[in-house]
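Undergrad: Numbering (our numbering), first residue to last: -8 to 268.
For each residue, glycine too, the CB sits at the ideal point set by N, CA and C.
First, the structure itself, so that you have it in front of you.
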């Protein structure tokens, strides 16, 4: 069983530093070999690629653009009437992914429109999402890229988000039926929505292309106080043969580098993956 590979989510880690290039440098100095960023679009792709290269990092995940944040948008994939904007955002994400050498793009589903009843619009939103995902799969396949679907919990983080359980995401992936679309498993969201992590991980891991971690309920480091036993979960991922990256998408409870003792302990115990694994 190979040790897990971890990536620093620099949209969350090193918040004491002002910009993405500085955070990438800090991630590299902290021992990471990979990084991910939610929205890289405030920087030029060339500047980010240079910063990652200088830090000795590879970029492994970005998101599609969120849309109009001032109007409350958080992704556009399933939002009726925003298909053209989703496709424009996808093209921008592909441009960045190619420049960054980043193989995965999280295709954000988006929120139930304000004032709408979730149950009443569910069918229409799923139809829009399926249409957009089929389009995205074709675009991504031309560039040998993978698209990811991430359920986000609607109990605490984003009550209006359309895609909120692994079961819903897996059913949509089955309907689309494209091999370059996979599931993004954020253990924080899965625990809040459904629990049953051992069963859900074993059931859905064959569909998973990326994992993210944070403690529940505070969304801090894996070794911060909370209800999840991460040594057990990391062992479970190893035992189940997970080969992708585990993204550190959590809110540091203090200085980011000082809060990485959990990861250093893992590396001391399991070693680090060899280059190319």
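1. Looking at the secondary structure, which residues open and close the beta strand (DSSP E) in which residue 256 lies?
2. Keeping to the same chain, check which residues put their C-beta closer than 6 Å to that of residue -2; ignore five residues upstream and five downstream.
3. What separation, rounded to the nearest whole angstrom, lies between the Cα atoms of residue 169 and residue 163?
4. So, do the region 175 to 193 and the region 118 to 135 have three or more beta carbon pairs nearer to each other than 8 Å?
5. Quick check: what's the CA-CA separation for residue 231 versus residue 222?
6. Short of 6 Å in beta carbon distance, which residues of its chain neighbour residue 151, apart from the five on each side in sequence? Order them along the chain.
7. May I ask you to list the residues that DSSP assigns as paired with residue 163?
8. Enumerate in chain order the residues of its own chain whose CB-to-CB distance from residue 42 is below 6 Å, with the five nearest sequence positions on each side excluded.
9. Report the option in 47, 210 and 200 whose CA atom is closest to the CA atom of residue 234.
10. Where do the ends of the alpha helix (DSSP H) carrying residue 270 lie?
11. Do you know offhand how far residue 109's Cα is from residue 116's?
12. Thinking C-beta only, is residue 64 closer than 8 Å to residue 57?
13. Just tell me which of 87, 176 and 214 has its CA closest to the CA of residue 228.
14. Here's a check: name, in chain order, each residue in its chain whose Cβ is nearer than 7 Å to the Cβ of residue 128, leaving out the five neighbours to either side.
15. Between which residues of its own chain and residue 98 is the CB-CB distance below 7 Å, once the five residues before and five after are set aside?
16. With residue 81 and residue 40 assumed to form a contact (beta carbons below 8 Å), what rounded beta-carbon distance in angstroms separates them?
17. Just to confirm before moving on: does the CB-CB distance between residue 204 and residue 241 stay below 8 Å?
18. For the beta strand (DSSP E) containing residue -3, name the first residue and the last one.
19. List the DSSP bridge partners of residue 32.
20. What is the rounded straight-line gap between the Cα of residue 136 and the Cα of residue 83?
TA: Let me spell this out:
1. No beta strand (DSSP E) holds residue 256; the alpha helix (DSSP H) holding it covers 252 to 261.
2. 25, 26, 27, 51, 236 and 238
3. 11 Å
4. no
5. 14 Å
6. 102 and 103
7. The partner list for residue 163 (beta bridge, DSSP) is empty, contrary to what the question assumes.
8. 12 and 15
9. 200
10. Outside the displayed span of the chain (-8 to 268) sits residue 270, for which this structure offers no information.
11. 9 Å
12. yes
13. 176
14. 138, 167, 169, 171 and 172
15. 55, 68, 124, 127, 138, 139 and 140
16. Incorrect: roughly 20 Å between the Cβ atoms, too far for contact.
17. yes
18. -4 to 0
19. Answer is none; residue 32 lacks a bridge partner.
20. 14 Å
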